[in-house]
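J.: Residue numbers (this note's numbering), protein chains in the order written: chain E, 157 to 658; chain D, 463 to 776; chain P, 137 to 460.
Glycine included, C-beta positions come from ideal geometry on N, C-alpha and C.
Just passing along the structure, written as structure tokens.
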Amino acid sequence: MTETIVRMESISKTFPGVKALDAVTVEVRKGTVHAIVGENGAGKTTLIKILVGALRPDRGEIILKGRRVFFKSPADAQRERISVVHQESMLVPYLSVAENIFIGQNRRFSHFGFINMRELYRRAEEILNSVGANLDTELLISELTPSEQKQVEIAKALVTDPEILILDEPTAPLSERETQALFRIIRRLKKEGKSIVYISHRLEEIFQIADLVTVLKDGKLVDTVFISEVDKDRVVSMTVGRKIDTAFPERPAVRTREKVLSVRNLTRGNMLKGVSFDLYRGEILGIAGLKGQGQESLLRAIFGIYPKGKKDRGEIYLFGEKLNINSSLQAMKSGIVFLSERRNEEGLCLTLPVRHNIALPSMDKRQYLEVIKWEEETRAVKKMVSDLKIRTPSLAQAVEYLSGGNRQKVVIGKWLLTEPYIFLVDEPTVGIDVETKVELYHLFRRLSNQGVSILMVSSDLIEILGLCDRILVMYNGRIVKEFKGGEVTEQEVAKAMWGEGE
Amino acid sequence: MDIAVKKWRFNQLLLVYILMAAFMAISGIFKPEVWVWAVWENVFFWAGILGIVSIGQTAVILTNGIDLSIGAIMIFTIMLSCRLMVGLVERILPVSVFCLLLGAALGFINGLGVAKLKVPPILMTLATSTSVYGLTWLYGGAGGRGRIPMVANNFIMGNLLGIPVVAVFWIVLLILFIFLMHRTTFGRKVYSIGSNPRAASLSGVNVDKIITWVYAISGFLSALAGLFLAFFVVSASMQWVDDYTLPSIGAVILGGTSFVGGKGGIERTIIGVIFWRYLISLMTMVKTTYPLRLMLEGAIIIGLMIVYSGMRRD
Amino acid sequence: MRISLGKAFRRGNYMGVYLILVIFIIFLSVMSPSFRSGRNWSNLATRIFPLFIVGLGESFVMLTGGIDISIGAQVSLSAAIASCIMGDSISSIMLGIICPLIGGVLVGLLNGFVVTRFKVAPFIITLGTMVLLQGLTFQIRWMPGGYISKEFADVVLYRLGILPLGPLVSLIIFGFLAIVILGKTPIGRNIYAVGGNEEAARLAGVNTSRVKIFAYVLCSLFCALAGLYEGARMQCADPHVGDPFLMDGIMVATLGGTSLFGGQGSPIGVIGGAIFIASLGNMFNLLDFNTFTQYIIKGFVLVSCILLSHLQVSRRTEISRRQV
């Protein structure tokens, strides 16, 4: 039982501007469930991608069952019976469930060059049943719900009868019952001598199912411990490892009670079910919650970019006046801006210079007959770059060459130039190094002191607890609890996040 | 490490430019006839025509699109202007204006299809192209009727300070459009859309509107070039007229503007246009056959795309 | 007992095209007595095969998420090559068939290799190929001419009374071949996987490059066949014979339900598309439409095809979006 099945030795991986992994060593033992935890950007997904052959490490090696192995592609890892269920959907939408299960494996059923579909569908049904899924194998993936899709992905991973099964946030779309079904499979696999690597944010689950846990922080290994030897608090503090008080700026003692934003009964699609709260001038209001409870949808709804639906209800008031915002442009005109979680896909034009990116949303303020007032813009952008301490060789540098932290500063800079009243922020410090994080915290506090109201969604509890004046917890599309910053413990917030004490 | 990567990529572009210049110089040594002013006058004339439409094509390509209707709009303009002017001098101005507006309108239709109906640019402009060609033949018949007044022809054949009038127009438009693309909010928005339409939209850019305008501009410029070409051929006989769609794409490619990602610009296309026309003039001088020309053009496009593919972001 | 080939294509989205087709044919039959004539049906059937096979080839490439602009030029080139080589002897006929096919394979390899190895946009590369091949075609066959063996033409266009057996049999053979390849072979199914979600396919161990190259080669082979057919039909090679096939091919594929974005489509739909476009052309001839009015109408049809394709995609993304 204590035999090692795979050892990742001193793995390092750097992406442009970000050191994702720094000499991380992890050893997985046969017949165990080995959890990997860490904040967003700690390096978990990168580590996994290296283990399954989707990425190659810059340094370090993988030792599988005592021999060194080099994976040139995912096919190599599959051949060594390492299987993975990724966080993102890896299914082909217009192919059937059965064909998706056997994607890349359909040669098994081919005799003389032709696939025996009958056999393929039959085997698919068998595997699906073995994971407790009751699905019609002929359905197309696009016709399934997310949780059904996840079940298909799990079945797909078991096709190669893997010795190592890696699960990256598998229970996100699953119900409690389905999660328990998954755990039953995991326990069965354990008995069969297989090893499971389990990545999750959900401590509850990890303490239910895992034997060991490896904690990663900012690309480095913190420690690997037996679950039986620790408790949840210890694990959480390992992922953070810094004291709450030192990193964060002080909260001001006096607060104005001028209401800036009032949200009443906001309902959108399946994600928001009657959200009501107020946002005051100059405050940093944090929204905590497990992933997918509606926080991101809330921000997008306020910014006007949430897709319209029939069930839309509710009102938003800005300084007492009712708002009717249906586009990002309208939101910006009202002084509301949005910092997206996906800064590369939604916040930046990577191939374009720093100057361009920063100046874009506020261009209309510095133009005459559509001609840009060049000197004025240069001054404004330079000032922003220096205020935010953006590290770039010049304003003409394309943003793609900047590190994650500096990119985020560019996005923040561009919004700040529009002089907003309200700053909607979604996971602002994901994938950013510690120094920059602290800089950002101080920046946010400075802004709020100047009168800007910040509505911040974050899955980083330490961040929320340390920075925010007030904390709202969202669960299942509603606000379930409100706390005052500085007067609550992590445990209380976590409890509310899990829906306990509702 | 990142800065080194950037330098290498930029140097690759420079390298291609240097190679082109070297090629021109070396071919000049082997064929000294090239260094006759008349040849260059000719090059610049045709470069002017190609250059004008290439401005529009560059702008469209910068938005991750492509305009395949350039040739069709040019031909249509030639036919229409001849038909309507019927040699009457007083008609030159009104008919020209009409043709330009029509070109813009056709481009506008392209833009609507791409922006609002989300039709892939290849197919939208292909459809417009086919329809416009059809209209040309339908309305104009196989043999062109009508002609352009000689005044216009004299105008277009003239020189300003030794440079062909067409080339002068090209230079003026270049200055205008390069300024537009780099120093106006419109140009910024175009680049933003090419680089990341989603981010642009979230930053308050009206993506649909800008795309529509870009195609309208391309249509307008195609009509303008068509007009100049009409002045040159005087009567609407089609056999003299090359198709300019492909060369405009070739010029953009040669210059190094990329098809995705909003990198590049009209300034790069200048080099592409000049080199392309030079190549054609050279080939004509060494009496390359039409088939050989085509093969060379195709090979250049493929070769250059391969070379430039190394320049894109990983 | 519900499993067999049907499984692969049961959820295809080509019902629309057959509906339109049936309506269209009924309309034409009612409006034009000459359309109804046996001779006309026979002509029509002759036109379907090349449209089908080029559309099929293009659909293979589209299924992987790419596009091939050189299909028209390939048809012309193939006819030109054959016309230069074919004589009356059996060996020259064989050679005249094999050489264009080999040429097709080479072109397909070129297109596929450049697209996969250098990650260049398929549109641009195949555009370059198109120009290259046009040049080559003009080089070897400047004016219509050359010789296509009469024996060969007789076989290909074999008529039994008014029934064009040759074309119909060819249609059935290649249609069947395509259905089998796409529906039953691993690489055929992988074409759908690569077009549907390339990253997922890659991570699952599918050799996406090989699949794409395969699609391009198959497309080129089919275009070469179409070139041979057209050469046989005209008994000589016209360097412009392939020109209309670019637009027509794309229309046939799109009308037949093949999505421009990849992952969706089937040969069954493509047949419907080919019949429709052939009927359209037939109608033009019967109603004696100006060649150039045809252009306009075709342009209109093309846009409608695209809209159809686009609506299809959004309908499906609607379905998957509602669950998010």
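Does at least one heavy atom of the ligand HEM sit under 7 Å from the Cβ of E/Phe459?
T.: Summarising the ligand content, the structure contains no ligands, and the ligand HEM is consequently not present.
J.: Please give me, in chain order, every unbroken run of the beta strand (DSSP E) with length at least 3 that falls completely inside the region 212-254 of chain E.
T.: 215-220, 223-225 and 238-241, all fully within the region 212-254 of chain E.
J.: Just to make sure I have the definition right: I need the residues of chain E whose C-beta is within less than 8 Å of the C-beta of D/Asn668. Which are they?
T.: Translated into positions along the second sequence, residue 668 of chain D becomes position 206. Those within 8 Å of D/Asn668 in chain E are Leu485.
J.: What is the rounded straight-line gap between the Cα of D/Ile673 and the Cα of E/Cys505?
T.: Counting from 1 along the second sequence, the entry for residue 673 of chain D is found at position 211. Counting from 1 along the first sequence, the entry for residue 505 of chain E is found at position 349. For D/Ile673 and E/Cys505, the distance between alpha carbons rounds to 17 Å.
J.: Just checking my contact of E/Ala457 with E/Leu422 at CB under 8 Å: how many whole Å lie between their CB atoms?
T.: Position 301 of the first sequence, counted from the first residue, corresponds to residue 457 of chain E. Position 266 of the first sequence, counted from the first residue, corresponds to residue 422 of chain E. Indeed they touch by this definition, with Cβ atoms about 6 Å apart.
J.: Does the region 210-229 of chain P touch the region 362-382 of chain P, meaning 3 or more C-beta pairs lie closer than 8 Å?
T.: Yes, the region 362-382 of chain P touches the region 210-229 of chain P.
J.: Under DSSP, the beta strand (DSSP E) around E/Met630 begins and ends at which residues?
T.: Numbered from 1 along the first sequence, position 474 holds the residue referred to as residue 630 of chain E. Residues Arg626 to Tyr631.
J.: Within the continuous beta strand (DSSP E) that includes E/His190, where are the two ends?
T.: As a working note, residue 190 of chain E is residue 34 in the first sequence. Per DSSP, E/His190 belongs to the beta strand (DSSP E) from Val189 to Val193.
J.: Cβ atoms of E/Ile192 and E/Arg203: under 8 Å apart, would you say?
T.: Position 47 of the first sequence, counting from 1, holds the residue named residue 203 of chain E. Position 36 of the first sequence, counting from 1, holds the residue named residue 192 of chain E. The question names Arg, yet the displayed sequence has Leu at residue 203 of chain E. In this structure, E/Ile192 lies closer than 8 Å to E/Leu203 by Cβ.
J.: Counting only Cβ pairs nearer than 8 Å, list the residues of chain E close to P/Met342.
T.: Mapped onto the third sequence, residue 342 of chain P falls at position 206. For the sequence presented, residue 342 of chain P should be read as Val rather than Met. Going along chain E in sequence order, the residues near P/Val342 (Cβ under 8 Å) are Ile259 and Gly260.
J.: Would you tell me roughly how many angstroms separate the C-alpha atoms of D/Leu574 and D/Arg660, rounded to the nearest one?
T.: Locating residue 574 of chain D in the second sequence gives position 112, counting from the first residue. Locating residue 660 of chain D in the second sequence gives position 198, counting from the first residue. D/Leu574 and D/Arg660: Cα-Cα distance of roughly 18 Å.
J.: How do the region 645-658 of chain D and the region 463-481 of chain E stand: do at least 3 beta-carbon pairs fall below 8 Å, yes or no?
T.: No: the two stretches stay apart, fewer than three of their Cβ pairs being nearer than 8 Å.
J.: Can you tell me which of the three DSSP states D/Lys445 falls into?
T.: This structure leaves residue 445 of chain D out entirely; chain D is present only between 463 and 776.
J.: For D/Val505 versus D/Tyr706, is the C-beta spacing smaller than 8 Å?
T.: Numbered from its first residue, the second sequence carries residue 505 of chain D at position 43. Numbered from its first residue, the second sequence carries residue 706 of chain D at position 244. It is not a contact, given that the beta carbons lie outside the stated cut-off.
J.: For the pair the region 564-574 of chain D and the region 664-682 of chain D, tell me if three or more CB-CB distances fall below 8 Å.
T.: Touching, per the Cβ criterion.
J.: Out of D/Pro709, D/Tyr601 and D/Lys725, point me to the one whose CA is closest to D/Leu758's CA.
T.: Indexing the second sequence from 1 puts residue 758 of chain D at position 296. For the residues D/Pro709, D/Tyr601 and D/Lys725, the minimum Cα distance to D/Leu758 belongs to D/Pro709.
J.: Excluding the five sequence neighbours on either side, which residues of its own chain have a C-beta within less than 7 Å of the C-beta of P/Leu307, listed in chain order?
T.: To locate residue 307 of chain P, count along the third sequence from 1; it is residue 171. Closer than 7 Å at the Cβ level, and outside the excluded window around P/Leu307, lie Ile184, Phe185 and Phe188.
J.: Confirm, please, whether the CB-CB distance from E/Leu251 to E/Ile297 is below 8 Å.
T.: If you number the first sequence from 1, residue 297 of chain E lands on position 141. If you number the first sequence from 1, residue 251 of chain E lands on position 95. Yes, the Cβ-Cβ distance between E/Ile297 and E/Leu251 is below 8 Å.
J.: What residue ranges within the region 359-401 of chain P form continuous alpha helix (DSSP H) runs of no fewer than 4 residues, ordered along the chain?
T.: Entirely contained in the region 359-401 of chain P, the alpha helix (DSSP H) runs reaching 4 residues are, in chain order, 379-391.
J.: Can you confirm whether the region 226-246 of chain P touches the region 293-303 of chain P when touching is taken to mean that 3 or more C-beta pairs between the two stretches lie within less than 8 Å?
T.: No: the two stretches stay apart, fewer than three of their Cβ pairs being nearer than 8 Å.
J.: Is the separation between the beta-carbon of E/Val184 and that of E/Ile320 shorter than 8 Å?
T.: The residue labelled residue 184 of chain E in the question sits at position 28 within the first sequence. The residue labelled residue 320 of chain E in the question sits at position 164 within the first sequence. Yes, the pair counts as a contact, with Cβ atoms nearer than the cut-off.
J.: Please classify P/Gly297 as buried or exposed, where buried requires at least 16 neighbouring CB atoms within 10 angstroms.
T.: Locating residue 297 of chain P in the third sequence gives position 161, where the first residue counts as 1. By the neighbour-count rule (16 or more Cβ atoms within 10 Å), P/Gly297 is not buried but exposed.
J.: Quick one: is P/Leu396 near chain D, going by C-beta distance under 8 Å?
T.: Working through the third sequence from its first residue, we reach residue 396 of chain P at position 260. At least one chain D Cβ lies under 8 Å of P/Leu396.
J.: For E/Gln564, which three-state DSSP category applies?
T.: Along the first sequence, one-based indexing puts residue 564 of chain E at 408. Note: E/Gln564 maps to helix in three-state DSSP.
J.: Going straight from the alpha carbon of D/Val522 to that of D/Ser720, what length do you get?
T.: Walking along the second sequence from the start, residue 522 of chain D turns up at place 60. Walking along the second sequence from the start, residue 720 of chain D turns up at place 258. Straight-line Cα distance between these residues: approximately 11 Å.
J.: Quick check: what's the CA-CA separation for D/Pro753 versus P/Gln270?
T.: One-based indexing of the second sequence puts residue 753 of chain D at position 291. One-based indexing of the third sequence puts residue 270 of chain P at position 134. C-alpha separation (whole angstroms): 7 Å.
J.: Consult DSSP for E/Lys640 and reduce its assignment to one of helix, strand or coil.
T.: In the first sequence, residue 640 of chain E corresponds to position 484, counting from 1. Note: E/Lys640 maps to strand in three-state DSSP.
J.: Hey, does D/Arg730 have any beta-carbon neighbour from chain E nearer than 8 Å?
T.: Against the second sequence, residue 730 of chain D aligns to sequence position 268. False, the Cβ-Cβ gap to chain E never drops below 8 Å.
J.: Only counting the same chain, and skipping five residues up and downstream in sequence, which positions put a Cβ closer than 7 Å to that of P/Leu272?
T.: Reading the third sequence from its first residue, position 136 is the one you call residue 272 of chain P. Cβ within range, chain order: Leu213.
J.: Using DSSP with H/G/I as helix, E/B as strand and the rest coil, what is E/Phe475?
T.: For the purposes of this step, residue 475 of chain E is identified with residue 319 of the first sequence, where counting begins at 1. DSSP places E/Phe475 in coil when its eight states are reduced to three.
J.: Comparing the C-beta of E/Thr507 with each C-beta of chain D, is any distance below 8 Å?
T.: Within the first sequence, the letter at position 351 stands for residue 507 of chain E. Yes, E/Thr507 counts as interfacial toward chain D.
J.: With DSSP as the reference, please indicate the residues paired to E/Glu165 in a beta bridge.
T.: Looking up residue 165 of chain E in the first sequence gives position 9. E/Glu217.
J.: Please work out which residues of its chain come closer than 6 Å, Cβ to Cβ, to P/Tyr154, disregarding the five sequence neighbours upstream and downstream, and give them in chain order.
T.: Within the third sequence, the letter at position 18 stands for residue 154 of chain P. Taken in chain order, the residues that qualify are Gly408.
J.: Which chain D residues are close to E/His512, counting only those with a beta carbon under 8 Å from its beta carbon?
T.: Residue mapping note: residue 512 of chain E aligns to position 356 of the first sequence, counting from 1. Going along chain D in sequence order, the residues near E/His512 (Cβ under 8 Å) are Arg650, Tyr653 and Ser654.
J.: Is it the case that the Cβ atoms of D/Ile732 and D/Leu636 are separated by a distance below 8 Å?
T.: Within the second sequence, the letter at position 270 stands for residue 732 of chain D. Within the second sequence, the letter at position 174 stands for residue 636 of chain D. Yes. Within cutoff.
J.: If you draw a straight line from the alpha carbon of P/Leu438 to that of P/Ile221, how long is it in whole angstroms?
T.: Within the third sequence, the letter at position 302 stands for residue 438 of chain P. Within the third sequence, the letter at position 85 stands for residue 221 of chain P. So the two alpha carbons sit approximately 36 Å from each other.
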